[in-house]
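**Q** No gaps in the numbering here: position 269 of the sequence shown is 269 in the UniProt record's numbering, and each next residue is one more. Every residue, glycine too, gets a C-beta built ideally from N, C-alpha and C.
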Amino acid sequence: MSSDERRPLRSSNQEDLESAPDSPSNRTSTPSAAGGIKDLFKQLDRRFSDRRITFKDPPLSHSRSSSFDHHNYVDARDSLTESAPPEWALLLIGCLLGLASGLCVAFFNKGVHIIHEWAWAGTPNEGAAWLRLQRLADTWHRILLIPVTGGVIVGMMHGLLEILNQIKQSSSLDRQGFDLVAGVFPTIKAIQAAVTLGTGCSLGPEGPSVDIGKSCANGFSLMMENNRERKIALVAAGAASGIASGFNAAVAGCFFAIETVLRPLRAENSPPFTTAMIILASVISSTVSTVLLGTQSAFTVPSYDLKSAA
C-alpha cells in the first residue's frame with residue numbers, strides 16, 4: 001500500500017477520535033454529569049489502571065505501518081496524561097478512610113461502654129473478686145441472665161441479617177453504586193459485637209475493629225469501578241486504620257495490613273502509593289480515636305517494689 005492510500009485512513013481515524021464522546025477534546029469542552037467526590041474517585045480508579053499500562057515504541061522494522069502506529073501511540077499516551085489526576089488525590093483517599101474508620105471505631109467503643117454500664121449497673125468493678133464478696137444467692141440471676149440476654153439479642157440480629165441477605169439476593173444483580181441493604185450489614189454486625197462485649201460474652205475488640213475498617217474501605221470502593229488490586233489496597237488501609245484506632249497503635253496497624261491483607265498481592269501489581277495510604281489511614285485513625293476516647297490506659301498496672309532476698 002502506498003503512502004497516498006494510507007493518508008485517508010489516518011485522517012478518518014483522527015476524525016473518529018475527535019468526534020468520539022470520550023475523546024480528550026470533548027471531555028474538556030463538555031461538563032461532566034457526575035460531580036464532587038464521585039468524579040474524583042472515578043479519575044483515581046482510572047489512574048490505578050493507567051499506571052499499570054506500559055507503552056513500547058513501535059517497531060522500526062515495519063516501515064509501512066510505523067507512522068500510523070506512532071500516531072496511535074502518541075494519542076494514547078496523551079489521553080492517559082490528560083486523564084491522570086494529581087497524586088494528592090491518592091493520598092486523600094487514605095486520609096478520608098482513616099478519618100471515617102477512627103470515628104466509627106470510637107463510636108463502637110463508646111457503645112460498648114454504654115451497654116456495659118447499663119447492663120451491669122451497680123456491680124463493683126472488681127472482676128472475679130465480686131463473686132467472693134457477695135452471696136451467690138444474691139448474684140446468680142444477674143450473672144446468668146445478662147449474658148444470656150445478650151446472646152438472645154445477638155441471635156435475633158443474626159436472623160435479621162439472614163432476612164436482609166435474602167432480600168439482597170432477590171434484588172437486581174445489575175445494581176451499581178451504593179446499596180442501602182449492603183450498607184446495613186456492617187452496622188448490624190457492629191451492634192452485635194457491641195452487645196456481645198457489653199453483656200460480658202466471649203469476644204475481643206480486635207475483630208470488630210478490623211471489620212469496621214474494612215467496611216469503611218468497601219464503602220469507598222463502591223464509588224469506583226471494579227479493580228482487584230485497588231480494592232485490596234483499600235481493604236489493607238481500612239484494616240490498618242481499624243487496628244490503629246482500636247488499640248491506639250498506628251505502627252501495629254501498618255504491619256498488620258502489610259503482613260495479612262497485602263500478602264496475596266505481588267509488589268509489581270500493587271497500586272501506587274499503597275504504603276502511603278496505609279500509613280496515613282493508620283495515623284489519622286489513631287489520632288481521631290485518641291481525641292474522642294482519651295489517653296487513659298486500658299489496664300492499670302500497680303507498682304511493685306523488687307527487693308533482694310539477701
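#1: Whole angstroms are fine: how far does the CA of residue 218 sit from the CA of residue 231?
#2: In terms of residue numbering, what span does the alpha helix (DSSP H) encompassing residue 211 cover?
#3: Look up residue 254 in the DSSP assignment and say whether it is helix, strand or coil.
#4: Within the continuous alpha helix (DSSP H) that includes residue 276, where are the two ends?
#5: Suppose you measure from the CA of residue 198 to the CA of residue 308; what does that come to, to the nearest Å?
#6: So the candidates are 228, 275, 115, 101; which of them puts its Cα closest to the Cα of residue 248?
#7: Give the single residue among 259, 290, 203, 239 whose Cα lies nearest to the Cα of residue 281.
#8: Thinking residue 90 and residue 277 are a contact (beta carbons under 8 Å), I'd like their distance in whole angstroms, please.
#9: Distance cutoff 9 Å, beta carbons only. Does residue 297 sit that close to anything in chain B?
#10: Straight-line CA distance for residue 108 to residue 140?
#11: So for residue 303, helix, strand or coil by DSSP?
#12: Please report the distance separating the alpha-carbon of residue 275 from that of residue 236.
#13: For residue 187, count the other beta carbons within 10 Å of its own beta carbon; 16 or more makes it buried, fewer makes it exposed. Which is it?
#14: Among the residues of its own chain, which have a CB less than 7 Å from the CB of residue 284, if the five just before and after it don't count?
#15: I'd like the span of the alpha helix (DSSP H) that includes residue 235, first residue to last.
#16: Measure the beta-carbon distance from residue 245 to residue 288 and round it to whole angstroms, keeping in mind my assumption that it falls under 8 Å.
**A** For this structure:
#1: Looking at the two C-alpha atoms, the distance is approximately 8 Å.
#2: It spans 206 to 221 - the alpha helix (DSSP H) in which residue 211 sits, taken as one unbroken run.
#3: Residue 254 falls in the helix class under three-state DSSP.
#4: In the DSSP assignment, residue 276 falls within the unbroken alpha helix (DSSP H) covering 274 to 293.
#5: Roughly 43 Å separates the two Cα atoms.
#6: For the options 228, 275, 115, 101, the alpha carbon positioned closest to that of residue 248 is the one of 101.
#7: Comparing Cα positions, the closest option is 239.
#8: Right, the Cβ-Cβ distance comes to about 7 Å (below 8 Å), so this counts as a contact.
#9: The structure shown contains no chain B; it holds only a single protein chain.
#10: Rounded to whole angstroms, the separation of the alpha carbons of residue 140 and residue 108 is 29 Å.
#11: Three-state result, residue 303: coil.
#12: Going by C-alpha positions, residue 275 is about 9 Å away from residue 236.
#13: Exposed is the call here.
#14: 95, 98, 99, 102, listed in sequence order.
#15: Unbroken alpha helix (DSSP H) run through residue 235: 228 to 247.
#16: Between residue 288 and residue 245 the Cβ distance is about 7 Å, and since that is below 8 Å, they are a contact.
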